[in-house]
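Read the structure below first, then the notes.
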Amino acid sequence: MLGAIEAGGTKFVCAISENGIDIIDQETFPTTTPDETIAQVIDYFKAHPADKIGLASFGPIDVNRKSNQYGYITKTPKAGWQFFDILGTLQKHFPDTKFAFTTDVNAAAYGELKAGAGKGLDDLVYWTVGTGVGAGIVQNGQLLQGYSHPEAGHIILRRHPDDTFAGNCPFHGDCLEGMTSGPALQKHWGKPAKDLPADHPAWDLEAYYLAQACVDLTLTVAPEKIVFGGGVMHQQQLFPKIRDQFNRLLNDYVTVPPLDSYIVPIDLADNAGAIGAFLLAQSA
Ligand code: ADP
Ligand code: ZN
162 MLGAIEAGGT KFVCAISENG IDIIDQETFP TTTPDETIAQ VIDYFKAHPA
212 DKIGLASFGP IDVNRKSNQY GYITKTPKAG WQFFDILGTL QKHFPDTKFA
262 FTTDVNAAAY GELKAGAGKG LDDLVYWTVG TGVGAGIVQN GQLLQGYSHP
312 EAGHIILRRH PDDTFAGNCP FHGDCLEGMT SGPALQKHWG KPAKDLPADH
362 PAWDLEAYYL AQACVDLTLT VAPEKIVFGG GVMHQQQLFP KIRDQFNRLL
412 NDYVTVPPLD SYIVPIDLAD NAGAIGAFLL AQSA
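Our numbering numbers the first residue of the sequence shown as 162 and each following residue consecutively.
Given below as structure tokens:
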């Protein structure tokens with residue numbers, strides 16, 4: 162049996178699957194303190210045993226096996242979770258279980274590659290645009306990782322000449338996340354992102370920045386496809402706008418697949434992370 166733990170900043174989702182695609186059982190717990198939340202995760206997998214578990218955590222996390230903090234959530238702003246050894250704690254309770262450990266966005270990227278919009282491909286970029294912004298990058302079927310996992314949500318952008326919003330990233334102000342996340346949109350426009358009408362100018366600016374993010378990753382990692390998920394991307398009108406801006410910015414410098422099939426929405430919706438976690442565990 163395969164297990165998945167999606168450790169998010171607001172909720173934890175635990176699930177099991179036989180084949181890594183179909184979810185047999187799933188439970189959700191609110192993210193409170195590590196003691197309380199991890200106890201619920203442990204109870205879940207005592208009741209639903211799995212020989213391999215994919216642990217997909219909110220970050221930043223330490224994924225460097227050479228590090229003595231491998232398996233830790235590191236300097237998160239989330240109270241109580243700073244430098245918590247999430248992998249070690251679970252491994253101690255389930256010594257015979259094999260764990261795969263990665264970020265929540267990486268798991269979703271892997272799920273989309275194996276079973277979603279990128280099925281059959283080897284190289285893919287998955288962007289999530291929600292409370293935060295992040296990218297999972299798959300190259301030759303493997304999640305890209307150097308000394309740490311990528312943090313492409315914080316890349317620096319060329320600001321739109323008419324845009325005076327300072328941005329809301331506590332580290333960088335107007336980085337990609339600081340300009341395009343759900344909370345950034347709310348701060349910029351004074352209402353929740355989901356309440357901005359489809360013809361609001363917010364979406365042109367949003368597409369202008371997300372297109373830059375696509376150009377940057379097209380030019381650096383040359384994916385076969387770019388997939389977008391996350392709450393903000395429920396705004397379907399963003400897709401043609403991002404493709405238009407992408408075309409204008411790239412200016413035919415490199416050849417990419419037809420944009421309708423190059424920049425696309427997530428296929429597995431809310432299950433991408435769990436499916437990715439199962440499949441990462443399976444190949445661990
Ligand atoms: P999280 O990133 O916390 O896992 P989501 O991916 O659902 O969760 O992102 C939540 C963010 O997405 C919130 O800031 C919310 O305002 C925004 N959001 C949710 N639904 C929509 C929508 N239909 N249109 C625009 N923004 C949305
Ligand atoms: Zn930032």
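Cβ coordinates follow ideal geometry from the N, Cα and C atoms, glycine included.
Same chain only: Cβ atoms within 8 Å of residue i, ignoring 5 sequence neighbours per side
i	result
Q186	Rather than Gln, the amino acid found at residue 186 in this sequence is Asp. Counting only Cβ-Cβ distances below 8 Å, and skipping sequence neighbours, we find A176, I177, H209.
P195	G241, W242, F245, I247, T250
V388	A270, E273, G277, A278, G279, L285, V286, Y287, W288, V425, P426, I427, D428
Heavy atom of ligand 1 within 7 Å of residue i beta-carbon
i	result
V388	no
H395	yes
G328	no
A240	no
G220	no
K236	no
P358	no
K402	no
K355	yes
G351	no
P195	no
T289	yes
T292	yes
T189	no
T192	no
P362	no
P344	yes
G302	no
T416	no
Own chain, CB closer than 6 Å to residue i, minus 5 neighbours either side, in chain order
i	result
A327	G334
T289	V266, G295, G390, G391
A438	A165, G215, A217, A268
Three-state secondary structure assigned by DSSP to residue i
i	result
W288	strand
I427	coil
S342	coil
I446	It is not possible to answer for residue 446, since the shown part of the chain is limited to 162 through 445.
G307	coil
F190	strand
L357	coil
I316	coil
I280	Position check: residue 280 holds Lys in this sequence, whereas Ile was assumed. DSSP places K280 in coil when its eight states are reduced to three.
E179	coil
V294	strand
T381	helix
K227	coil
G390	strand
G334	strand
Q300	strand
F439	helix
A327	coil
G130	Beyond the ends of the chain as shown, which are 162 and 445, falls residue 130; an answer cannot be given.
T263	strand
K446	Not covered by the structure: residue 446. The range shown for the chain is 162 to 445.
G164	strand
Residue i Cβ short of 7 Å to ligand 2 heavy atom set
i	result
G339	yes
F332	yes
H315	yes
C336	yes
Same chain, Cβ closer than 7 Å to residue i, five either side skipped, listed in chain order
i	result
L429	G272, E273, A276, G277, I436
E188	C175, Y205
A354	G343, L346, Q347, V393
P384	D284, L285, V286, L378
I182	A276, I436
Contact with chain D by residue i, beta-carbon distance below 8 Å
i	result
D324	Here chain D cannot be found, since the structure has a single protein chain.
Contact the region 242-251 vs the region 281-291: 3+ CB pairs below 8 Å: no
contact_flag[the region 342-350, the region 246-265] where n(CB pairs < 8 Å) is 3 or more: no
Sufficient close CB pairs (3 or more, under 8 Å) joining the region 294-308 to the region 420-431: no
Inter-stretch contact (C-beta, 8 Å, three-pair minimum) for the region 303-316 and the region 261-273: yes
Cβ contact (3+ pairs, closer than 8 Å) linking the region 396-414 and the region 369-377: yes
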